[in-house]
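Just below is one structure, and these are the notes that go with it.
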Amino acid sequence: MSHTPSSDASLLAAVDPEIVQTLVTRREAIVRSGRASGLVAAALASGSVPLALGALAGDAYAQVGTPAVVLQVLRFALLLENLENEFYKAVLTGAAFAGVRQQFSAAETAAFTEIQKHEQAHVTLLRTAIQGAGGTPDNYTAASFDFTAGGGSGTGPLTAALANTAAAKGLLLAATQGFEDTGVRAYKGQAGNLLGTATLTTALQIHSIEARHAAKIRRLRRLGVTGTPEAVRLSGTIRGTGLAAAGAPAGAPQAVADLLALIYGGATPEGNHRASGEPGGGAGGDVRRGDRDGAAGGVRPAGVRRAADRRRGGGDRHAVHHRRHRAPAGPAQPGLTGTAARRRRGDASTAAGDRGGDRRVAAADREWSLGSSTGRRSRPPDSTTAAGAGR
Amino acid sequence: VPDIQPDFSGRFTDRATILETARMLEDTGIAAYNGAGRLLKRLPNLLTAGKIVSMEARHSAAVRDMIAGNAGDLFANVTNLAALGANEALGLDAAAGAATVLAMADPFIPPQVNLTNVPA
Numbered sequence: 024m025s026h027t028p029s030s031d032a033s034l035l036a037a038v039d040p041e042i043v044q045t046l047v048t049r050r051e052a053i054v055r056s057g058r059a060s061g062l063v064a065a066a067l068a069s070g071s072v073p074l075a076l077g078a079l080a081g082d083a084y085a086q087v088g089t090p091a092v093v094l095q096v097l098r099f100a101l102l103l104e105n106l107e108n109e110f111y112k113a114v115l116t117g118a119a120f121a122g123v124r125q126q127f128s129a130a131e132t133a134a135f136t137e138i139q140k141h142e143q144a145h146v147t148l149l150r151t152a153i154q155g156a157g158g159t160p161d162n163y164t165a166a167s168f169d170f171t172a173g174g175g176s177g178t179g180p181l182t183a184a185l186a187n188t189a190a191a192k193g194l195l196l197a198a199t200q201g202f203e204d205t206g207v208r209a210y211k212g213q214a215g216n217l218l219g220t221a222t223l224t225t226a227l228q229i230h231s232i233e234a235r236h237a238a239k240i241r242r243l244r245r246l247g248v249t250g251t252p253e254a255v256r257l258s259g260t261i262r263g264t265g266l267a268a269a270g271a272p273a274g275a276p277q278a279v280a281d282l283l284a285l286i287y288g289g290a291t292p293e294g295n296h297r298a299s300g301e302p303g304g305g306a307g308g309d310v311r312r313g314d315r316d317g318a319a320g321g322v323r324p325a326g327v328r329r330a331a332d333r334r335r336g337g338g339d340r341h342a343v344h345h346r347r348h349r350a351p352a353g354p355a356q357p358g359l360t361g362t363a364a365r366r367r368r369g370d371a372s373t374a375a376g377d378r379g380g381d382r383r384v385a386a387a388d389r390e391w392s393l394g395s396s397t398g399r400r401s402r403p404p405d406s407t408t409a410a411g412a413g414r
Numbered sequence: 137v138p139d140i141q142p143d144f145s146g147r148f149t150d151r152a153t154i155l156e157t158a159r160m161l162e163d164t165g166i167a168a169y170n171g172a173g174r175l176l177k178r179l180p181n182l183l184t185a186g187k188i189v190s191m192e193a194r195h196s197a198a199v200r201d202m203i204a205g206n207a208g209d210l211f212a213n214v215t216n217l218a219a220l221g222a223n224e225a226l227g228l229d230a231a232a233g234a235a236t237v238l239a240m241a242d243p244f245i246p247p248q249v250n251l252t253n254v255p256a
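Here's what the structure looks like:
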């Protein structure tokens with residue numbers, strides 16, 4: 024390791040000024056309030072914390088696998104699992120969810136019960152692991168989170184998901200899907216920080232369990248909520264990115280759509296279906312990597328991403344945004360292997376070109392290269408376009 | 137590993153058999169990926185494997201849900217995968233070494249696969 028980072032802010036400054044500003048602001052808000060809103064918790068889970076940890080690890084690549092990094096990963100995972108566990112407990116037994124709970128079928132209750140059991144087990148497991156690693160696990164309670172995304176007010180936009188109506192249940196399941204997909208991504212996003220450690224296998228075992236949960240929630244939506252978009256696949260997998268993948272319910276409040284946009288920010292090409300070229304595809308147009316599931320680590324906050332989209336003119340499978348040269352139009356560029364190796368050495372622009380991805384893929388690159396050098400950023404100042412995407 | 141010509145004879149007899157075969161294949165795949173993750177030395181490979189395995193897990197959950205008639209907890213209850221390293225009480229999915237995985241896949245693979253150079 025080269026040095027111990029003195030602050031997240033300075034590290035993040037090497038990552039992405041726009042994101043840094045967003046993250047730091049939100050983080051400070053959380054610290055001040057001592058309470059994470061659902062929205063911020065989602066941001067933390069889907070972007071900020073993995074990004075911060077990724078930056079930490081990236082700043083000192085040689086640290087990967089060291090006890091300090093592993094402990095940080097475990098602490099982050101504990102936050103996430105607590106978020107999920109408290110959420111499922113609240114839905115199953117909390118007074119706030121008493122209304123929408125009446126809408127639940129037996130199958131839905133059974134699914135939530137099984138998932139909550141797993142999340143509780145993960146919390147226990149992680150607490151033990153943190154103690155075993157010489158750390159002190161943080162304590163979270165239901166009061167640590169505001170699942171209405173109200174910043175602690177309890178009256179945020181997801182209040183609409185609490186009512187005893189079918190529409191409320193639809194919103195609740197959409198948010199649940201977001202939580203689960205976030206969990207899957209977060210574990211994947213942190214896997215690199217556990218490379219070569221004994222903790223990795225356990226993390227992978229949790230990771231695929233979370234994927235099972237995410238699949239089931241999708242099925243619950245398609246089978247039990249009228250009007251759920253077909254983008255929410257019965258196979259449990261992900262089609263498209265951004266809001267297309269989120270499958271926001273028809274008539275969802277804008278605030279809920281924003282929440283989903285935050286969670287699915289577009290930095291994680293996960294499905295095998297392009298959204299660009301379709302109506303509204305700009306929200307999720309992206310390069311696909313076939314049936315692979317996303318990793319969190321660089322999910323771009325919604326507002327930031329939208330600005331990027333405007334500059335890019337929307338997502339395009341064949342858009343390549345490149346810092347220093349334009350790649351010629353042509354078939355798929357060389358794969359990850361050489362690219363990541365170069366990026367690890369800090370040659371971000373070359374990496375971006377070889378990747379043949381668009382800006383959002385450049386963002387996704389951070390996922391692939393969590394734990395690599397801070398030079399991995401390949402954020403272009405402009406929006407040049409060429410072909411060569413897709414893998 | 138020779139060119140594999142999988143043998144699925146007798147597995148397409150009825151819906152239940154087909155689904156159960158699919159479940160077994162998906163779950164074995166999950167165990168294989170999870171078990172092999174620690175052997176991957178390069179981050180891009182690990183993350184690619186991670187993206188694949190979570191898709192496999194989603195597939196497995198969907199197949200299990202179909203088996204269970206979209207009810208109950210089978211979609212994620214991994215009690216039946218204890219032999220593949222899963223632990224339902226701890227919320228941990230399957231993770232197994234090559235030999236265990238091959239034993240599961242063996243009935244479908246006529247030629248013998250040589251594990252000599254594969255880490256346990």
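As they're listed, the protein sequences go chains Y and D. If you're matching positions, the first sequence starts at 24 in the working numbering and goes up one per residue. If you're matching positions, the second sequence starts at 137 in the working numbering and goes up one per residue. Every residue, glycine too, gets a C-beta built ideally from N, C-alpha and C. Owing to the predicted nature of the structure, the values given are computational and were not obtained by experimental measurement.
- [ ] Spatial neighbours of D/T153 within its chain, please: CB distance less than 7 Å, with the 5 preceding and 5 following residues excluded, ordered by chain position.
- [x] R147
Task: DSSP state of Y/N105 mapped onto helix, strand, coil - done: DSSP places Y/N105 in helix when its eight states are reduced to three.
Open item on the list: Between Y/G259 and chain D, is any beta-carbon pair separated by less than 7 Å?
Closed with: Yes, Y/G259 lies at the interface with chain D (some Cβ there is under 7 Å from its Cβ).
TODO: Determine, using beta carbons only, whether D/D139 comes closer than 7 Å to chain Y.
DONE: no
- [ ] Would you mind sorting D/D143 into buried or exposed? The rule is 16 or more other CB atoms within 10 Å of its CB.
- [x] exposed
Open item on the list: Please report the distance separating the alpha-carbon of D/A239 from that of D/L176.
Closed with: 22 Å
Task: Sequence ranges, beta strand (DSSP E) only - wholly within the stretch 115-196 of chain Y, length at least 3 - done: DSSP runs (the beta strand (DSSP E)) wholly in the stretch 115-196 of chain Y: none.
Task: D/N223 - DSSP class collapsed to helix/strand/coil - done: strand
Open item on the list: Distance check for Y/T199 and Y/T178, CA to CA, integer angstroms please.
Closed with: 18 Å
TODO: Sort D/R151, D/R200 and D/N181 by Cα distance to Y/S416 and report the nearest one.
DONE: In the structure as shown, chain Y begins at 24 and stops at 414. Residue 416 of chain Y is therefore absent and cannot be evaluated.
- [ ] For the alpha helix (DSSP H) holding D/A197, just list the boundary residues, first then last.
- [x] L179 to I203
TODO: Alpha carbon to alpha carbon, how far is D/N206 from Y/G219? Give it in angstroms, no decimals.
DONE: 38 Å
- [ ] Output the distance between the C-alpha atoms of Y/V114 and Y/E137, rounded to the nearest integer angstrom.
- [x] Going by the C-alpha atoms only, they are around 13 Å apart.
- [ ] Following the continuous alpha helix (DSSP H) through Y/T224, name the residue where it begins and the one where it ends.
- [x] T222 to G247
Task: For D/L228, three-class secondary structure by DSSP - done: strand
Open item on the list: For Y/V207, which residues in the same chain have their Cβ closer than 7 Å to its Cβ, ignoring the five residues on either side in sequence?
Closed with: The answer, listed in chain order, is H230, E233, A234, A237 and D316.
Task: Beta-carbon contacts of Y/A183 that lie in its chain and below 6 Å, excluding the five residues immediately before and after - done: Cβ neighbours of Y/A183 beyond the five flanking positions: L194 and P276.
TODO: Could you check what DSSP says for Y/A280 in three-state terms: helix, strand or coil?
DONE: Helix.
Task: Endpoints, alpha helix (DSSP H) assigned at D/D163 - done: R151 to A172
Open item on the list: Helix, strand or coil for D/R254? Go by DSSP, reduced to three states.
Closed with: Looking at the sequence provided, one finds Val at residue 254 of chain D rather than Arg. Correct three-state label for D/V254: coil.
Task: Contacts around D/L210, its chain only, beta-carbon distance under 8 Å, and the 5 residues preceding and following it disregarded - done: R200, D201, I203 and A204
TODO: Examine the Cβ distances between the stretch 209-226 of chain D and the stretch 122-140 of chain Y and report whether three or more of them are shorter than 8 Å.
DONE: yes
Open item on the list: Counting only Cβ pairs nearer than 7 Å, list the residues of chain D close to Y/R242.
Closed with: A198, D201 and N206
- [ ] Check whether the Cβ atoms of Y/F120 and Y/L185 sit closer than 7 Å, and answer yes or no.
- [x] Contact: yes.
Open item on the list: At the level of alpha carbons, what is the spacing between D/T164 and D/A241?
Closed with: The alpha-carbon atoms of D/T164 and D/A241 are separated by roughly 8 Å.
TODO: From the DSSP output, in three-state form, read off Y/V207 for me.
DONE: helix
TODO: Give, in chain order, every residue of the stretch 147-164 of chain Y whose Cβ lies closer than 7 Å to some Cβ of chain D.
DONE: Flagged, chain order: L148.
Open item on the list: Could you compute how far the alpha carbon of Y/G155 sits from the alpha carbon of Y/V93?
Closed with: 11 Å
Open item on the list: Does Y/R366 pass the burial test, meaning 16 or more other C-beta atoms within 10 Å, or should it be called exposed?
Closed with: Confidence at Y/R366 is low in this model, with a pLDDT of 39, below 50, so the placement of that residue is unreliable and no value is reported for it.
TODO: Determine the burial state of Y/I153: buried for a count of at least 16 other Cβ atoms within 10 Å of its Cβ, exposed for fewer.
DONE: buried
TODO: Could you tell me the boundaries of the alpha helix (DSSP H) in which Y/V255 lies?
DONE: Note, Y/V255: premise wrong, no alpha helix (DSSP H); not H, not E.
Task: Beta-carbon proximity of Y/Q125 to D/A231, cut-off 7 Å - done: For Y/Q125 and D/A231, no; Cβs fall outside 7 Å.
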